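If you count by our numbering, then the sequence shown holds residues 271 to 574, one letter each, in order. Even glycine gets a Cβ: it sits at the ideal position worked out from N, Cα and C. Everything numeric in this text was worked out from a predicted model, so none of it was measured. What follows is a set of notes on a single structure, which appears directly below.
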Amino acid sequence: MPELPEVETVRAGLQRWLSGRTIASVEIRHARAVRRHLAGPQDLAARLIGARIEAVSRRGKYLWLPLSSPGPASPAGPDRGECLVAHLGMSGQLLVQPADAPQERHLHVRLGFADGGRELRFIDQRTFGGVLLDHLVPASDRSDESVPGQVAHIARDPLDPYFDDVLFSVRLRRRDSALKRALLDQGLVSGIGNIYADESLWRARLHGERRGVTLRPTAVRDLLGHIRDVLADAVAAGGTSFDALYVNVNGQSGYFDRSLSAYGRAGEPCPRCGTPIRRVAFMNRSSSFCPCCQRPPRPRARKE
Numbered sequence: 271m272p273e274l275p276e277v278e279t280v281r282a283g284l285q286r287w288l289s290g291r292t293i294a295s296v297e298i299r300h301a302r303a304v305r306r307h308l309a310g311p312q313d314l315a316a317r318l319i320g321a322r323i324e325a326v327s328r329r330g331k332y333l334w335l336p337l338s339s340p341g342p343a344s345p346a347g348p349d350r351g352e353c354l355v356a357h358l359g360m361s362g363q364l365l366v367q368p369a370d371a372p373q374e375r376h377l378h379v380r381l382g383f384a385d386g387g388r389e390l391r392f393i394d395q396r397t398f399g400g401v402l403l404d405h406l407v408p409a410s411d412r413s414d415e416s417v418p419g420q421v422a423h424i425a426r427d428p429l430d431p432y433f434d435d436v437l438f439s440v441r442l443r444r445r446d447s448a449l450k451r452a453l454l455d456q457g458l459v460s461g462i463g464n465i466y467a468d469e470s471l472w473r474a475r476l477h478g479e480r481r482g483v484t485l486r487p488t489a490v491r492d493l494l495g496h497i498r499d500v501l502a503d504a505v506a507a508g509g510t511s512f513d514a515l516y517v518n519v520n521g522q523s524g525y526f527d528r529s530l531s532a533y534g535r536a537g538e539p540c541p542r543c544g545t546p547i548r549r550v551a552f553m554n555r556s557s558s559f560c561p562c563c564q565r566p567p568r569p570r571a572r573k574e
């Protein structure tokens, strides 16, 4: 599943190609791709036509396009404060393509624009992702930012300028749960999926089963610094592509997989100490770590 670096790469590409453009046509080829828009495909298409895309925003793994209407709100245009929300799911792609480019096999939604330039296509092989129209609501913190109602429950990510380091540290250190499980909790911190949790924990020399309550504030600050470094490095590399399902808006793969130190390297020597990387089952997924550099926590004594 695409994580923060992949979604941020897509966001930046969409910002370049879509900001300021007016939607002229909407084709919905697969109703499942818009299933979260409860009013149905026809309503979604009607409300998007004539809307102007103001920007492309992101929180964690969610993308949204704030929209404006050239006139008063009507069934043919968005209300003020509406946005088009997109989630890539397991295999979703948002591609910016010439209008005459061949249609992709799993093309589900396409948007054409008034300027006649490149169109936006949503492709999804497994149809776990989708798009919908949503209203923007005020963010629940100190910023003046607005977010879609669908995204309001999602915590900020570590690359967000309003991310609260102190609050994160306090909440993490109150948790008597596994550290990796906490990093995957989108209510605590967003955008860190399986790949980047393993990489961040490896850099911080912390085992994923370490309990949050056992960490000192300095250890949390150190971990947060490594998380930011990993995410920034991955964004610079265009994300991580293990197959053709994740690509940027131009159809190009990311290459951060060349820099992975733990994830996907089971049996290979740890780049730091040479001990073979170990892979274990974790929450219907897996965890990869160095058993030497990332010492497992001691078993806790049973209470009588």
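For residue i, three-class secondary structure by DSSP
i: Ser579; result: In the structure as shown, the chain starts at 271 and stops at 574, and residue 579 therefore has no counterpart that could be examined.
i: Val587; result: No answer is possible for residue 587: the residues shown for the chain start at 271 and end at 574.
i: Val355; result: strand
i: Tyr466; result: helix
i: Ser529; result: helix
i: Leu284; result: helix
i: His496; result: helix
i: Thr510; result: coil
i: Glu297; result: strand
i: Asp313; result: helix
i: Asp503; result: helix
i: Gly419; result: helix
i: Gln389; result: Checking the sequence shown, residue 389 turns out to be Glu, not Gln. Looking at Glu389 - three-state DSSP - the assignment turns out to be strand.
i: Ala448; result: strand
i: Pro428; result: coil
i: Ala565; result: In the sequence as presented, Ala is not what sits at residue 565; that position holds Arg. Arg565 falls in the coil class under three-state DSSP.
Cβ shell of residue i (< 6 Å), same chain only, five flanking positions each side left out
i: Ser327; result: Trp334
i: Glu297; result: Arg380
i: Thr397; result: Arg302
i: Gly351; result: His405, Leu406
Heavy atom of the ligand NAP within 7 Å of residue i beta-carbon
i: Leu485; result: Annotation note on the ligand NAP: not contained in the displayed structure, which lists no ligands.
Distance between beta carbons of residue j and residue i, contact taken as under 8 Å
i: Arg486; j: Ala448; result: With a Cβ gap of about 17 Å, Arg486 and Ala448 do not count as contacting.
i: Leu390; j: Leu288; result: 6 Å
i: Leu364; j: Phe392; result: 6 Å
i: Val355; j: Pro418; result: 5 Å
i: Gly330; j: Gly461; result: 4 Å
i: Leu458; j: Ala425; result: 6 Å
i: Leu274; j: Asp503; result: Not a contact, Cβ separation roughly 12 Å.
i: Asp414; j: Gly359; result: Between Gly359 and Asp414 the Cβ distance is about 30 Å, and since that is not below 8 Å, they are no contact.
Distance, residue j Cα to residue i Cα
i: Val500; j: Cys353; result: 30 Å
i: His477; j: Asp370; result: 51 Å
i: Leu377; j: Gln367; result: 12 Å
i: Met553; j: Ala489; result: 24 Å
i: Val436; j: Ala315; result: 43 Å
i: Ser587; j: Ala303; result: Residue numbering for the chain in the displayed model covers 271 to 574; residue 587 lies beyond these limits and cannot be assessed.
i: Val401; j: His357; result: 7 Å
i: Asp430; j: Leu442; result: 18 Å
i: Asn464; j: Ser557; result: 8 Å
i: Cys563; j: Trp472; result: 8 Å
i: Val505; j: His307; result: 30 Å
i: Val550; j: Asp446; result: 21 Å
i: Ala343; j: Asp313; result: No answer about Ala343 holds up, because its pLDDT of 44 lies below 50 and its placement is not dependable.
i: Arg555; j: Arg451; result: 11 Å
i: Gln420; j: Gly399; result: 14 Å
Distance CB(residue i)-CB(residue j) smaller than 8 Å
i: Arg582; j: Asp385; result: This structure leaves residue 582 out entirely; the chain is present only between 271 and 574.
i: Thr510; j: Glu276; result: yes
i: Gly283; j: Asn520; result: yes
i: Gln285; j: Ala321; result: no
i: Tyr525; j: Ala536; result: no
i: Leu493; j: Ala467; result: no
i: Glu479; j: Pro566; result: yes
Same chain, Cβ closer than 7 Å to residue i, five either side skipped, listed in chain order
i: Pro408; result: Ser416
i: Glu469; result: Val500, Leu530, Ser531, Ala532, Tyr533
Close Cβ partners of residue i (< 8 Å) along its chain, the five nearest in sequence each way excluded
i: Ala422; result: Val407, Ala409, Ser410
i: Arg491; result: Asp435, Ser439
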